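Undergrad: Take 4 as the starting number for the sequence shown in the numbering used here and just add one per residue.
Backbone N, C-alpha and C fix where the C-beta goes; we use that ideal spot for every residue, glycine too.
From a predicted model like this one, the values you see are computed outputs, not experimental measurements.
Sharing a structure with you now.
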Amino acid sequence: MSIFCDLCFHHCRLEEGQAGFCRARANRDGKITCLNYGKLTALALDPIEKKPLRRFHPGSEVLSVGSFGCNLSCPFCQNARIAAAGEESRTRDCSPEMLVEEALRLCSRGNIGVAYTYNEPLVGYEYVRDCAALVRQAGMCNVLVTNGTISEEPWRELLPLIDAVNIDLKGFTENWYRVLGGDLETVKRSIALVAQSCHVEITTLIVPGENDSEDEIRALSGWLASVRADIPLHISRFFPCHCMKDRSPTPVETVYRLADVAREQLQYVYTGNC
């Protein structure tokens, strides 16, 4: 029996035993099963600024966790080894209870909570939800780093448990999002909703020849300002990676110039990877 996964904008129709586009969710016995539940590919204590979050508990550390799978196919992915992988990934088992225990143990080293990151964490929605509930009960913070392509209903259900989010707004044209296998309008909706709920910052990676025009950044920052002018925007420099190793890095002067364009309408604009 085929069923639909309604977690994200893809709405994958899955036959029995078939995994979705994200490789992390599958039809098992007529039900959607989270294949990466409690299976970690990465676990590290990171500076909060690395997420990047510049205006949320600056100077603190956060326990960062990742699994496998992603519902986009960005040709410049820096974590393709885990984002494009499935059940064959090498993982370590970590229940929500074990994760919270580790987060608490690291409080003495400046840890403020858990960040769900590295791959696209929301393809493992159930694990993030269950961990976030326990992290909140333990009095710590939940941080989410996501591409923002989740469907509206599960997004609304999760947000009360989340304290801070960084969303990748990968550009501001539908054409570019189609190249990435994504949907711009879904991301915009996610940003608008989270801006009403908790702290949010946005990251835009500038890829030469793709999303590096002043007009596009002016449109992007203008829309963000219409949501809230105090949303921090990170303008980040591209380096050759994954399927774009033939490209040149973004010129540093381009990053600085586009950051100045964004500052015309936004209060907080930061540059990254420069």
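In chain order, what are the residue ranges of uninterrupted beta strand (DSSP E) at least 3 long that sit wholly in the segment 187-239?
TA: Runs found: 202-209.
Undergrad: By Cβ distance below 7 Å, which residues in the same chain neighbour N74 in space, the five residues on each side in sequence not counted?
TA: Correct list, in chain order: C11, H13, F24, C25, E123, V126, T152.
Undergrad: Could you tell me whether the Cβ atoms of V148 and T120 are closer together than 9 Å?
TA: Cβ atoms of V148 and T120: closer than 9 Å.
Undergrad: Counting pairs of beta carbons, one from the segment 173-187 and one from the segment 32-49, are three or more of them closer than 8 Å?
TA: No, the segment 173-187 does not touch the segment 32-49.
Undergrad: So, G20 versus C97, is the Cβ gap smaller than 9 Å?
TA: Not in contact: G20 and C97 (Cβ atoms no closer than 9 Å).
Undergrad: For R116 versus C144, is the C-beta distance shorter than 9 Å?
TA: For the record, residue 116 in the displayed sequence is Gly; it is not Arg. Contact flag set, yes.
Undergrad: Can you give the beta carbon distance from R231 to A198, rounded, assuming they're within the 8 Å contact cut?
TA: Indeed, because the Cβ distance is near 5 Å, the residues count as touching under 8 Å.
Undergrad: With DSSP as the reference, label A22 as helix, strand or coil.
TA: Reduced to three states, the DSSP call for A22 is strand.
Undergrad: Between the Cα of L236 and those of L164, E213, E52, spot the shortest distance and give me the residue it belongs to.
TA: It is E52 whose Cα lies nearest to the Cα of L236.
Undergrad: Under DSSP, the beta strand (DSSP E) around V255 begins and ends at which residues?
TA: Looking at the DSSP string, V255 is not in any beta strand (DSSP E); the run it does join, the alpha helix (DSSP H), is 255-266.
Undergrad: By a C-beta neighbour count over all protein chains shown, 10 Å radius and 16 as the cutoff for buried, is Y259 buried or exposed?
TA: By the neighbour-count rule (16 or more Cβ atoms within 10 Å), Y259 is not buried but exposed.
Undergrad: Just list the alpha helix (DSSP H) runs in the segment 121-145, keeping only unbroken ones of 4 residues or longer that don't cross its boundaries, in chain order.
TA: Here the runs fully enclosed are 128-140.
Undergrad: Does the distance from the C-beta atom of R240 to that of C201 stay below 9 Å?
TA: In this structure, C201 does not lie closer than 9 Å to R240 by Cβ.
Undergrad: Could you tell me whether the Cβ atoms of K54 and V203 are closer together than 9 Å?
TA: For K54 and V203, no; Cβs fall outside 9 Å.
Undergrad: Among L48, C15, V65, R93, which has the Cα closest to the Cα of N39?
TA: Taking only the C-alpha atoms, the option nearest N39 is R93.
Undergrad: Report the option in A135, D9, Y128, T207 whose CA atom is closest to the CA atom of T253.
TA: Cα-wise, what sits closest to T253 is T207.
Undergrad: Express the C-alpha separation of C77 and V182 in angstroms, rounding to a whole number.
TA: Rounded to whole angstroms, V182 to C77 spans 8 Å at the Cα level.
Undergrad: How big is the Cα-Cα spacing for G275 and I238?
TA: G275 and I238: Cα-Cα distance of roughly 6 Å.
Undergrad: For the beta strand (DSSP E) that contains E90, what are its first and last residues?
TA: Neither: E90 is in no beta strand (DSSP E) and is coded neither H nor E.
Undergrad: Rounded to the nearest angstrom, how far is the Cβ of D215 from that of I209, given a contact under 8 Å?
TA: The pair is a contact, with the Cβ atoms about 5 Å apart (cut-off 8 Å).
Undergrad: Do you know offhand how far I85's Cα is from A27's?
TA: Computed Cα separation, rounded: 11 Å.
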